[in-house]
Amino acid sequence: MTLAERLRAPSLDERRAAIAEIAARDAADPRELEALVVSLGDAAKAVQRPAAEACRALAARGVAVVPLLLEALDAPDPRLRFGAAYALGRVGPPPARALPALLDALALDDGDIRWAAAETLRRVEPRAGAIAALLPLVRSGNPPQRKMALYCLRDIATADDDLAEDALVTALDDPDLGVRLAAMTTSARLSRDRPRVAEKLVQAMTTAPDPREQRAAAAALGDLGVRSETVRSALETAAAGDDASLRRAAKRTLRLLDEPT
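Positions in the sequence shown are counted from 1; adding 8 to them yields our numbering.
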């Protein structure tokens, strides 16, 4: 059995052994490289990840694997498209051409892939292009995509971007709880009009039906740092309420707000 055939073998152990073998080489023929790139779309992460590392190792030795990875960004299989984008991110800063595959991966059910896509997306160059691609997802993506877009923006955008702040404010009213919680953790990073955001957080802390949202809002107010009487009054009420977890969160935030600026 050739190495290219072993890379496509039914046996998981055989595929992994073949990947380890090609990763240690200084050269590979076109059929072997093609089979290795196909491995990036494997259903098993235990194959996908070492295949990406093998691509990195080969590229570092001057083997022409990058053109095949760029070609795979247009593959019909979304898992292979993500695998190619992820491998390009292992080789170096992911190119802007990888953005569509990474943005699509943020919508997948597989949480591991979503977070790996987010980590790769944060390093796409130019950064302005990544931010511009993420902002529409906060409104138009499915719930996992909207949530992950916020986490990515938290790490690469700034409050100087008006569109980022508008996306944040929209997300604080999102119908999905997970998206609203992500927006709260992002609020201190992306908000320039902090009193406006603080008003929404106070409303969530005092009226949200889900205790998790109330607690997250109380914690986010501490990061936001707005020391208005309205904020303090709402936190003091929460600190004296019946929910023990919310009481703790509100007290921690009050302590933060009492610290000298």
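All C-beta atoms in this analysis are idealised placements derived from N, C-alpha and C, irrespective of residue type, glycine included.
Under a 10 Å Cβ-count criterion, Lys208 is classified as buried, with 16 or more other Cβ atoms of the shown protein chains found around its own Cβ. The closest CA to that of Ala36, considering only Arg235, Cys63, Arg130 and Ala113, is found on Cys63. Shown here, Pro86 sits in a helix according to DSSP, grouped into three states. CA-to-CA, the gap between Ile27 and Leu15 works out to about 7 Å. Comparing alpha carbon positions, the residue from Gly100, Val99, Tyr94 and Pro101 closest to Asp112 is Tyr94. Contact between Ala68 and Leu48 is absent: CB atoms are separated by about 17 Å, not below the 8 Å threshold.
Under the criterion of beta carbons closer than 8 Å, Ala212 and Ala257 do not qualify as touching, at roughly 12 Å.
Per DSSP, the continuous alpha helix (DSSP H) segment holding Val239 begins and ends at Glu237 to Ala247. For the pair Arg260 and Ala104, the Cα-to-Cα distance works out to about 42 Å.
The residues Ala52, Ala54 and Val55, in chain order, have a CB closer than 8 Å to that of Leu20 in the same chain once the five nearest residues on each side in sequence are set aside. For the pair Ala109 and Gly233, the Cα-to-Cα distance works out to about 37 Å. Pairing Arg98 with Gln153, the inter-Cα distance amounts to about 22 Å.
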